[in-house]
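Structure first, then comments.
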Amino acid sequence: MDINRSKEYVCPYSLGGLKLVISEQEGDEVISGTLTNEEGVTFEIRDGIADLTWPKELAEIDEETRKTYDQLAAEYDKFADFPFKTFGFEQHDVRLDITQRLGLKPGDKVLEVGGGDGRGAEYILKEIGDGGILFFQELSEAFLKKAKERLDAYNTPVEYATANACYVSFQDNSFDAAHHFGGINTFSDVKRSLSELARVVKPGGKVVVGDEGMGPWLRDTEFGKVMMNSNPLLAYEIPFQDIPLEARDVKVEWIMNGSFFLLEFTVAKGEPTANYHIPIPSQRGGTHWSRYYGNLEGVSDEVKKMAYEAQKKSGLSMHDWLEKIIRENKV
């Protein structure tokens, strides 16, 4: 951990500041030490990597995933190309396409969560160049070490941390873009993870995530049934309901013969807004706002008929006619 970049981190659950205590240091590199929040909760730094995992006792699915990847790390080279070859695609082409969707520029600051052994991160580093910086996080320490071995060959600085993608340890609006590919269908809290990625990306920045998820039109085909039987994760459905309200220009695409999905969006501030008060050119009239918030108690069918007859004679919309009548007869 670079001592200067340590200031970028905040507590992954309170988002409060962290106090750095150094046990061993080489130049600007913190080899070992601790990061402690205001409540006294401590996060260890070992071999230059901070362990910002939260909660300390992971949800069962997250813990199982971490153990699986810790065991798989040593032999992962045998399996890394398998999903791509299965569907007749080159890993290079897929990862390049995904990275280009992030809209990166030289000098950008990027977050990758659940980055595995760093294969995807290589493409990010090439896009942001020596002037950029990548904050790389992975829940499996074994995978994180493999990623570090791979990415240390690049000149672009990379800051590593062990972390849970559902609890992101950075302040709001910290990054130009954020990315994850290949594990979101095992996250214990997808909604929180997507919300966290949107929180830490600056307005106008991109979030791109993807994973196994068979296209709905393929699930009842022989192709879909055979592949989902072999890999149950392919039965995962895109978490549309978990897309954060800050998301704009949301795009979903199924890639690799419809077997994997990509979800991308641009980050904005808060929920969308509209011109609620623009007059609606119709017989009913009014505005979006008045139609929602200005409802009156129901009336009898006879009175309703009389009201519409009077409204037509007036030449006004129903909204304007009611406004006029009520204001003229106010007590």
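Numbering (numbering that gives the first Met the number 0), first residue to last: 0 to 330.
Cβ coordinates follow ideal geometry from the N, Cα and C atoms, glycine included.
Inset, instruction - With DSSP as the reference, label Lys-104 as helix, strand or coil. - result: Here the question's residue 104 lines up with position 105 in the sequence shown. Lys-104: coil per DSSP, three-state reduction.
Legend entry - Residue nearest to Asn-3 in terms of C-alpha spacing, selected from Asp-76, Tyr-275 and Ile-132: For the purposes of this step, residue 3 is taken as residue 4 along the sequence shown, with counting starting at 1. The shortest Cα separation from Asn-3 among Asp-76, Tyr-275 and Ile-132 belongs to Ile-132.
Legend entry - Proximity winner among Tyr-12, Pro-271 and Asp-188, relative to Asp-241 (alpha-carbon distances): Here residue 241 is taken as the residue at index 242 of the sequence shown, counted from 1. Comparing Cα-Cα distances from Asp-241 to each of Tyr-12, Pro-271 and Asp-188, the minimum goes to Asp-188.
Legend entry - Spatial distance of Leu-71 from Pro-215 (CA atoms): Against the sequence shown, residue 71 aligns to sequence position 72. Against the sequence shown, residue 215 aligns to sequence position 216. Near 30 Å, if we compare the C-alpha coordinates of Pro-215 and Leu-71.
Inset, instruction - Answer yes if the region 212-229 comes into contact with the region 266-280, meaning at least three C-beta pairs across the two stretches below 8 Å, and no otherwise. - result: no
Inset, instruction - With a threshold of 16 other CB atoms inside 10 Å of the CB of Arg-65, please say whether the residue is buried or exposed. - result: Reading the sequence shown from its first residue, position 66 is the one you call residue 65. Counting Cβ neighbours within 10 Å, Arg-65 comes out buried, since at least 16 surround it.
Inset, instruction - Mind the definition here: the region 267-274 touches the region 292-304 only if three or more C-beta pairs lie below 8 Å; say whether that holds. - result: no
Legend entry - Top-ranked residue by Cα proximity to Gly-130, from Gly-119, Pro-156 and Lys-144: Sequence index remark: in the sequence shown, residue 130 carries index 131 (1-based). The candidate whose alpha carbon is nearest that of Gly-130 is Pro-156.
Inset, instruction - Mind checking which residues open and close the alpha helix (DSSP H) that includes Glu-273? - result: The residue labelled residue 273 in the question sits at position 274 within the sequence shown. The question names Glu, but residue 273 is Ala in the sequence shown. Per DSSP, Ala-273 belongs to no alpha helix (DSSP H) and is neither H nor E.
Inset, instruction - Throw me the rounded Cβ distance for the Ala-146 and Gly-181 pair, which I believe falls under 8 Å. - result: Here residue 146 corresponds to residue number 147 of the sequence shown, with the count starting at 1. Here residue 181 corresponds to residue number 182 of the sequence shown, with the count starting at 1. Rounded, the Cβ-Cβ distance is 13 Å, inconsistent with contact.
Inset, instruction - Answer yes if the region 99-115 comes into contact with the region 81-90, meaning at least three C-beta pairs across the two stretches below 8 Å, and no otherwise. - result: no
Legend entry - the region 7-18 contacting the region 38-51, beta-carbon criterion three pairs below 8 Å: yes
Legend entry - Length at least 3, wholly inside the region 117-202: the beta strand (DSSP E) runs in chain order: 132-137, 157-161 and 174-180
Inset, instruction - Answer with buried or exposed for Trp-288, where buried requires no fewer than 16 other C-beta atoms within 10 angstroms of its C-beta. - result: Taking the sequence shown and counting its residues from 1, one reaches residue 288 at position 289. Label assigned to Trp-288: exposed.
Legend entry - Collapsed DSSP secondary structure at Phe-264 in the structure displayed: Position 265 of the sequence shown, counted from the first residue, corresponds to residue 264. In this structure, Phe-264 counts as strand in the three-state DSSP scheme.
Inset, instruction - Report all residues from its chain with a CB closer than 6 Å to the CB of Glu-383; omit the five preceding and five following residues, and keep chain order. - result: This structure gives no information on residue 383, because the portion of the chain shown stretches from 0 to 330.
Inset, instruction - Compute the Euclidean distance between the alpha carbons of Ile-123 and Gly-204, then round it to the nearest angstrom. - result: By one-based count along the sequence shown, residue 123 stands at place 124. By one-based count along the sequence shown, residue 204 stands at place 205. About 15 Å.
Legend entry - DSSP three-state assignment for Val-302, whether helix, strand or coil: Mapped onto the sequence shown, residue 302 falls at position 303. Here Val-302 sits in helix by DSSP.
Legend entry - Reduced DSSP category for Lys-323 - H, G, I as helix; E, B as strand; rest coil: Residue numbering aside, residue 323 sits at position 324 when the sequence shown is read from its first letter. Looking at Lys-323 - three-state DSSP - the assignment turns out to be helix.
Inset, instruction - Could you give the DSSP three-state label for Ser-316: helix, strand or coil? - result: Taking the sequence shown and counting its residues from 1, the one referred to as residue 316 is at position 317. Three-state result, Ser-316: coil.
Inset, instruction - Determine the DSSP secondary structure at Glu-337, reduced to helix, strand or coil. - result: Outside the displayed range of the chain (0 to 330) lies residue 337, so it cannot be described from this structure.
Inset, instruction - Inspect the beta-carbon positions of Gly-119 and Arg-100 and report whether they are closer than 7 Å. - result: One-based indexing of the sequence shown puts residue 119 at position 120. One-based indexing of the sequence shown puts residue 100 at position 101. Not in contact: Gly-119 and Arg-100 (Cβ atoms no closer than 7 Å).
Inset, instruction - State the DSSP-derived secondary structure class of Ser-258, mapped to helix, strand or coil. - result: Against the sequence shown, residue 258 aligns to sequence position 259. In the structure shown, Ser-258 sits in coil (DSSP, three-state: anything other than H, G, I, E or B).
Inset, instruction - Helix, strand or coil for Leu-295, going by three-state DSSP, please let me know. - result: For the purposes of this step, residue 295 is taken as residue 296 along the sequence shown, with counting starting at 1. In the structure shown, Leu-295 sits in coil (DSSP, three-state: anything other than H, G, I, E or B).
Inset, instruction - Out of Ser-31, Glu-59, Pro-202 and Lys-250, state which residue places its alpha-carbon closest to the alpha-carbon of Val-208. - result: Mapped onto the sequence shown, residue 208 falls at position 209. Here the closest residue by C-alpha is Lys-250.
Inset, instruction - Return helix, strand or coil for Leu-217, following the three-state DSSP convention. - result: For the purposes of this step, residue 217 is identified with residue 218 of the sequence shown, where counting begins at 1. It is helical.
Legend entry - C-alpha distance - Lys-303 paired with Arg-247, whole-angstrom precision: Here residue 303 refers to the residue found at position 304 of the sequence shown. Here residue 247 refers to the residue found at position 248 of the sequence shown. The alpha-carbon atoms of Lys-303 and Arg-247 are separated by roughly 41 Å.
Inset, instruction - Determine the extent of the beta strand (DSSP E) in which Val-93 is found, giving its start and end residues. - result: The residue labelled residue 93 in the question sits at position 94 within the sequence shown. Segment 90-99 is the alpha helix (DSSP H) holding Val-93; no beta strand (DSSP E) there.
Legend entry - Whole-angstrom distance between Lys-329 and Glu-322, CA atom to CA atom: Locating residue 322 in the sequence shown gives position 323, where the first residue counts as 1. Locating residue 329 in the sequence shown gives position 330, where the first residue counts as 1. Rounded to whole angstroms, Glu-322 to Lys-329 spans 10 Å at the Cα level.
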